[in-house]
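Chemist:
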Amino acid sequence: ALAATLHDIGHVVHRDDHPYYSIPLAADVLDRLLPTLGFYDVAETVRLKGEVLHAILCHHTPEKPLTHEAGVVRVADALDMERGRSRIPYEKGGRGINTISSQAIRNVTLQAGDTAPVLVEIEMVDAAGVFQVDELLNAKLRDSRIEDHVRIVAVNARSDDENIVERIEM
Numbered sequence: 112a113l114a115a116t117l118h119d120i121g122h123v124v125h126r127d128d129h130p131y132y133s134i135p136l137a138a139d140v141l142d143r144l145l146p147t148l149g150f151y152d153v154a155e156t157v158r159l160k161g162e163v164l165h166a167i168l169c170h171h172t173p174e175k176p177l178t179h180e181a182g183v184v185r186v187a188d189a190l191d192m193e194r195g196r197s198r199i200p201y202e203k204g205g206r207g208i209n210t211i212s213s214q215a216i217r218n219v220t221l222q223a224g225d226t227a228p229v230l231v232e233i234e235m236v237d238a239a240g241v242f243q244v245d246e247l248l249n250a251k252l253r254d255s256r257i258e259d260h261v262r263i264v265a266v267n268a269r270s271d272d273e274n275i276v277e278r279i280e281m
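Numbers given in our numbering equal positions in the sequence shown, counted from 1, plus 111.
1. Buried or exposed for residue 172, going by 16 or more other Cβ atoms inside 10 Å?
2. Please name the residue, chosen from 261, 249, 268 and 180, that lies closest to residue 216 on a Cα-to-Cα basis.
3. Just tell me which of 246, 223, 231 and 221 has its CA closest to the CA of residue 213.
4. Measure the C-alpha to C-alpha separation of residue 233 and residue 153 and round it to an integer number of angstroms.
5. Just to confirm my understanding: we take residue 132, look at its own chain, exclude 5 residues before and 5 after, and list those with CB closer than 7 Å. What are they?
6. For the beta strand (DSSP E) containing residue 220, name the first residue and the last one.
7. What does the Cβ neighbour count give for residue 175, buried or exposed, with the cut at 16 atoms within 10 Å?
8. Below 9 Å between beta carbons: does that hold for residue 159 and residue 113?
9. Under the assumption that residue 144 contacts residue 163 (Cβ atoms under 8 Å), give the Cβ distance between them as a whole number of angstroms.
10. Where residue 156 and residue 209 are concerned, what is the direct C-alpha to C-alpha distance, given to the nearest angstrom?
11. Whose CA, out of 220, 211, 253 and 178, lies closest to the CA of residue 241?
12. In angstroms with no decimal places, state the Cα-to-Cα distance between residue 251 and residue 166.
13. DSSP on residue 279, reduced to helix/strand/coil?
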């Protein structure tokens with residue numbers, strides 16, 4: 112929960128390379144917070160801090176997660192792909208692939224799966240959403256340590272005869 116809460120704290124400095132800014136900011140927060148909890152001895156505090164910082168680093172860098180928790184933070188970060196995420200850039204005229212593909216994602220849900228413990232269902236209204244699913248989510252799932260526990264199903268909900276992509280399963 113700490114890594115999930117603090118992973119984007121570096122955005123207060125700059126959006127580019129924010130994981131690298133997040134590390135010292137989160138380290139400072141952890142140094143102040145962990146001793147006040149009263150749950151951990153010094154060794155556990157050091158280990159916990161290291162694992163939290165590792166998960167923060169891995170969420171948006173080429174570094175491979177070494178723990179399942181770091182993999183969860185990495186994949187969860189990519190689940191924030193619905194159209195509301197790109198509303199402001201889109202309204203300001205942004206037409207890059209990230210903005211357009213995000214506009215194509217209507218809904219993302221998580222539930223218990225049948226062939227894998229977690230099923231991620233993605234509802235798209237345009238084939239441009241494939242970029243979010245494959246280039247962003249699937250790329251983060253790869254080498255996350257949790258890839259065998261997650262199944263992704265993306266469905267194009269637009270009902271016309273010109274659908275380029277109807278369904279993707281990963």
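Heads up, the beta-carbon is just placed ideally off N, CA and C, and yes, glycines get one too.
Modeler: On the basis of the coordinates in this document:
1. Exposed, by the Cβ-count rule.
2. For residue 216, the nearest C-alpha among the options comes from 268.
3. The option with the nearest alpha carbon to residue 213 is 246.
4. Cα to Cα, the separation comes out at about 43 Å.
5. If we look at residue 132 and ignore the five residues flanking it on each side, its Cβ neighbours are 121, 124 and 125.
6. For residue 220, the uninterrupted beta strand (DSSP E) segment begins and ends at 216-223.
7. So residue 175 counts as exposed.
8. One thing to note: residue 159 has its Cβ within 9 Å of the Cβ of residue 113.
9. Approximately 10 Å separates the beta-carbon atoms of residue 144 and residue 163; this is outside 8 Å, ruling out the contact.
10. Near 38 Å, if we compare the C-alpha coordinates of residue 209 and residue 156.
11. Of the listed residues, the one whose Cα sits closest to residue 241 is 211.
12. So the alpha carbons of these two residues sit roughly 13 Å apart.
13. It is a strand residue.
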